[in-house]
Amino acid sequence: MQWQCAERAGQLQSSVIREILKVTVRPEVISFAGGLPSPEAFPVERMRSAFDAVLSRQGKVALQYGPSDGYAPLRAWIADSLSSDGARILPEQVLMTSGSQQALDLLGKVLIDEGSRVLVETPSYLGALQAFSLYRPEFMSVPTDEHGLVPEAIAPLRQGARLLYALPNFQNPTGRTLPIERRAALVETCARLGLPLVEDDPYGALSYRGEPLPKMLTMNPSGVIYMGSFSKVLTPGIRLGYVVAPLQLVGKLEQAKQAADLHTAQLTQMVVHEVVKDGFLDEHMPTIRRLYANQCEAMLAALAEHFPAGTSWTRPEGGMFIWVTLSKHIDSMKLLEEAIAQNVAFVPGAPFYANAVEHNTLRLSFVTVPPERIREGIAKLGKLIASKL
Ligand SMILES: Cc1ncc(COP(=O)(O)O)c(C=O)c1O
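Take 27 as the starting number for the sequence shown in our numbering and just add one per residue.
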């Protein structure tokens with residue numbers, strides 16, 4: 027049979043990370059490649075008792091179809107937890123999704139026409155590039171520096187743009203955080219240009235040093251579309267995320283959601299509400315932050331000790347990733363083959379670029395590897411990189 031796929035299917039590519047992960051499941055491989063949270067941080071017992079409680083108290087509701095916009099008490103909890111600094115977020119603005127990855131797809135469906143511009147950071151989250159690319163936009167890469175997006179670079183790229191996709195907290199892949207002045211400038215610039223600003227924030231709660239910076243959503247709730255996720259604060263296995271959008275837009279997103287999968291599982295939404303409603307995250311988050319901060323420290327120390335001169339890296343203040351820039355002539359995609367032969371893995375930087383690729387970059391995740399294995403893996407990698415100089 028000769029299958030005739032739709033033209034848009036030509037845009038579909040397997041994520042490089044998912045391909046690498048297939049190799050790195052071997053126990054002897056020290057993998058800095060995954061973007062997975064640490065299973066050490068999963069609140070297994072708390073989830074078990076919440077499943078028990080929901081099923082015994084409201085089993086018949088939990089196992090039924092539910093509303094497309096999501097479980098009302100959880101939407102209200104999310105709206106409440108996002109309302110701060112004088113900004114009031116309404117529960118009606120919150121649409122529950124199957125992971126925040128689905129919110130990216132819904133935004134693509136609702137906002138992007140073929141050939142319309144989408145502004146992304148340089149580099150950006152590869153899962154967003156993958157989700158948006160199905161709608162065949164023209165990606166415009168907004169310049170960044172060590173503090174993240176450069177707000178002044180937006181206006182010249184704005185012509186015909188449908189959205190700017192930004193990751194202000196502990197960005198995937200660089201680990202960078204956008205300073206408060208830049209957040210304000212970005213919000214002001216997008217409002218002035220009439221450009222929807224998408225704030226993707228799955229890592230904001232993973233701040234190692236005190237409170238995270240204010241969300242851009244609270245700076246301008248009528249111009250910002252905010253995306254959040256329970257994947258990095260509870261567990262990714264439940265596939266629960268959400269998008270918060272101005273009322274004029276959220277109805278369209280809900281219709282797109284209906285067409286895609288009717289609604290997100292009622293059972294998991296009720297369980298998550300049962301877990302979070304009495305402040306569980308306030309007790310739980312410090313444990314995750316301590317765990318990740320400790321492993322981040324171990325990796326930064328190992329990088330300083332083992333990586334050769336001419337190599338630089340970011341110093342994240344939260345989240346899960348460090349971004350490394352090698353000497354110009356080293357191609358990290360080729361380096362990966364040799365690293366895997368020595369049982370160390372990372373993600374090459376190339377797939378995170380929508381346009382001009384910087385081949386001498388790579389992403390390291392430290393959260394699923396214990397400190398002694400981090401030191402061992404970074405020492406091996408440092409030696410390999412030094413051999414290329
Ligand atoms: C920046 C960013 N956005 C969205 C997602 C999707 O997360 P989920 O679908 O698990 O909520 C991820 C996952 O790693 C991510 O890094």
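For each residue, glycine too, the CB sits at the ideal point set by N, CA and C.
Per DSSP, reduced to three states, the secondary structure at S82 is helical. The straight-line gap separating the alpha-carbon atoms of I411 and T340 is approximately 17 Å.
Linking G141 to P194 through their CA atoms gives a straight-line distance of about 26 Å.
A direct Cα-to-Cα measurement between N320 and E343 gives close to 12 Å.
R389 sits in a strand when the DSSP states are folded into three classes. Residue pairing by DSSP places E164 opposite R143 in a beta bridge. Annotated as distal: P222 and G186, with beta-carbon spacing of 8 Å or more.
Using a C-beta cut-off of 8 Å, the stretch 146-162 makes no contact with the stretch 273-293, since fewer than three inter-stretch Cβ pairs fall below that distance. Apart from the 5 residues on each side of it in sequence, R143 sits with its Cβ closer than 6 Å to the Cβ of E164, M166, G186 and A187 in its chain, given in chain order.
Counting C-beta pairs with one atom in each stretch, the stretch 203-223 and the stretch 170-185 have three or more that are closer than 8 Å, which means they touch. Taking 7 Å as the cut-off, the C-beta of S233 does not count as close to any heavy atom of ligand 1.
By the Cβ neighbour-count rule, A35 is exposed, with fewer than 16 other Cβ atoms within 10 Å of its own. Check the Cα spacing between D139 and each of R74, Y161 and Q119: the tightest is with Y161. The three-state secondary structure of I356, taken from DSSP, is coil. Taking 4 residues as the shortest admissible run, the stretch 160-242 contains the following complete alpha helix (DSSP H) segments, listed from N- to C-terminal end: 206-219. A straight line joining the alpha-carbon of Q39 with that of S82 spans about 43 Å. Looking from the CA of D308, the closest CA among L260, A113, T337 and A335 belongs to L260. The Cβ-Cβ distance between G254 and S126 falls below 8 Å. In the same chain as Y97, and ignoring 5 residues on each side of it, the C-beta atoms closer than 8 Å to its own belong to M122, Q292, Q295, M296 and H299, in chain order. A Cβ-Cβ distance of about 7 Å is found for the pair Y191 and S150, placing them in contact under the 8 Å criterion. Those residues that bring their Cβ nearer than 6 Å to a heavy atom of ligand 1 are G61, G125, S126, Q127, Y151, G153, L193, N198, D226, P228, S255, S257, P262 and G267. Considering only F347, H385 and L407, the residue with the shortest C-alpha distance to F196 is F347. Counted as a single uninterrupted DSSP element, the stretch harbouring S94 is not any beta strand (DSSP E), since DSSP gives it neither H nor E. Apart from the 5 residues on each side of it in sequence, G267 sits with its Cβ closer than 8 Å to the Cβ of M122, T123, S124, G125, S126, Q127, Q128, A129, P228, M253, G254, S255, F256 and S257 in its chain, given in chain order.
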